[in-house]
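Chain order of the listed sequences is G and U.
So in our numbering, spot 14 of the first sequence is number 63, and the numbers just go up one at a time.
So in our numbering, spot 29 of the second sequence is number 664, and the numbers just go up one at a time.
In this text, a Cβ means the ideal position worked out from N, Cα and C, and glycines have one as well.
Everything numeric in this text was worked out from a predicted model, so none of it was measured.
Accompanying notes for the structure given below.
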Amino acid sequence: AQKITQTQPGMFVQEKEAVTLDCTYDTSDPSYGLFWYKQPSSGEMIFLIYQGSYDQQNATEGRYSLNFQKARKSANLVISASQLGDSAMYFCAMEDNQGGKLIFGQGTELSVKP
Amino acid sequence: DSGVTQTPKHLITATGQRVTLRCSPRSGDLSVYWYQQSLDQGLQFLIQYYNGEERAKGNILERFSAQQFPDLHSELNLSSLELGDSALYFCASSVELWADSGNTIYFGEGSWLTVV
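In structure tokens form, the structure reads like this:
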């Protein structure tokens, strides 16, 4: 069965520093997609970044990059130059092998300190 | 703004009642998903529709039902509500069945349901 594991329930980072949020996954499918979402305290779920299993390069979107290590089955999110507004819950998710629906990890709560 | 619109944003209702949550997907998106987020269960997939047809079913209770209309908007109906149904309900949409770098899954802001 497919599974997403986020082992860091909470993390702190100093403003302007970089932070890495861990995500490991388990799947036997050769083709899959990995997502990261941000959920601020207001509740909305904001798409950050996507990585396909066959993508040759690690995905990047502005200050967000995905450190994709296929052999280790890890898809860590790197946030560079943290800002106070980055304080939120972050969810890693994998696309189900039946198509479309997402399997989520438990999330990591990131707090950015001024 | 993701382009996915959900109404209502907040809803308080009594046990035993029935509510309807509405979702308008992003323009051009054919696939609609419903998720439930609660403190004890985390984010759970409920159901997916694609171009009006049910595509996949997750941990959706029999008291819950959904449909996608010809204009592609979707509704999630929750009946015989229990205290444990209190949660944040998300709608999400994507263009196709499968995501890729050009077709990702966007979420609405959610509907907060409180059952008292």
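Count the other C-beta atoms from every protein chain shown that fall within 10 angstroms of the C-beta of F725 (chain U), then say buried if there are 16 or more, exposed otherwise. Counting from one through the second sequence, the residue named residue 725 (chain U) turns up at place 90. The residue in question, F725 (chain U), is buried, as its Cβ has 16 or more Cβ neighbours within 10 Å.
Starting from S129 (chain G) and walking both ways along the beta strand (DSSP E), at which residues does that stretch end? If you number the first sequence from 1, residue 129 (chain G) lands on position 80. Counting along the chain, S129 (chain G) falls outside any beta strand (DSSP E), and DSSP gives it neither H nor E.
For a contact meaning CB atoms closer than 7 Å, what does Q155 (chain G) contact in chain U? On the first sequence, residue 155 (chain G) is found 106 positions in, with the first residue counted as 1. In chain order: G677.
Out of G:Q155, G:E64 and G:D135, which one is the CA nearest neighbour of T73 (chain G)? What you label residue 73 (chain G) is simply residue 24 of the first sequence in a count that begins at 1. Closest option to T73 (chain G), Cα to Cα, is G:Q155.
I want to see whether chain G comes within less than 8 Å of Q683 (chain U), judged by CB atoms only; does it? Position 48 of the second sequence, counted from the start, is the residue given in the question as residue 683 (chain U). Chain G, which has a Cβ nearer than 8 Å to the Cβ of Q683 (chain U), makes this yes.
Strictly under 8 Å for the Cβ-Cβ distance: is E38 (chain G) near chain U by that measure? One cannot answer for residue 38 (chain G) here, as it falls past the ends of chain G, which runs 50 to 163.
Using the C-alpha atoms, what's the distance from G693 (chain U) back to A130 (chain G)? Counting from 1 along the first sequence, the entry for residue 130 (chain G) is found at position 81. Counting from 1 along the second sequence, the entry for residue 693 (chain U) is found at position 58. Their Cα atoms are separated by approximately 38 Å.
Skipping 5 residues on each side, what residues in its chain have a beta carbon closer than 7 Å to that of D75 (chain G)? Residue 75 (chain G) sits at position 26 when you count from the first residue of the first sequence. Hits under 7 Å: Q51, K52 and K122.
Answer yes or no: does any C-beta atom of chain G fall closer than 8 Å to that of I695 (chain U)? As a first step, residue 695 (chain U) is located in the second sequence; it is residue number 60 there, counting from the start. No, I695 (chain U) does not count as interfacial toward chain G.
Along the stretch 655-677 of chain U, where does the CB come closer than 9 Å to a CB of chain G? Name the residues. S666, Y668, Y670, Q672 and G677
Excluding the five sequence neighbours on either side, which residues of its own chain have a C-beta within less than 8 Å of the C-beta of S662 (chain U), listed in chain order? Here the question's residue 662 (chain U) lines up with position 27 in the second sequence. Closer than 8 Å at Cβ, skipping near neighbours: G638.
Proximity to Q132 (chain G) [Cα-Cα], best of G:L97, G:V68 and G:I95: Counting from 1 along the first sequence, the entry for residue 132 (chain G) is found at position 83. Comparing Cα positions, the closest option is G:V68.
List in chain order: all unbroken beta strand (DSSP E) runs of 3+ residues lying wholly within the stretch 61-118 of chain G. 68-70, 73-75, 82-88, 95-101 and 113-118
Name, in chain order, the residues that DSSP records as bridge partners for Q671 (chain U). As a position in the second sequence, residue 671 (chain U) is number 36, starting the count at 1. In the DSSP output, where bridge partners are listed per residue, Q671 (chain U) has U:Q679 and U:Y724.
If we define contact as Cβ-Cβ less than 8 Å, is K150 (chain G) a contact residue for chain U? Residue numbering aside, residue 150 (chain G) sits at position 101 when the first sequence is read from its first letter. Closer than 8 Å: yes.
Per DSSP, the bridge partner or partners of R657 (chain U): As a first step, residue 657 (chain U) is located in the second sequence; it is residue number 22 there, counting from the start. For R657 (chain U), which the question treats as bridged, DSSP gives the partners U:T642 and U:E710.
What are the start and end residues of the beta strand (DSSP E) that includes F699 (chain U)? By one-based count along the second sequence, residue 699 (chain U) stands at place 64. F699 to Q703 is the extent of the beta strand (DSSP E) around F699 (chain U).
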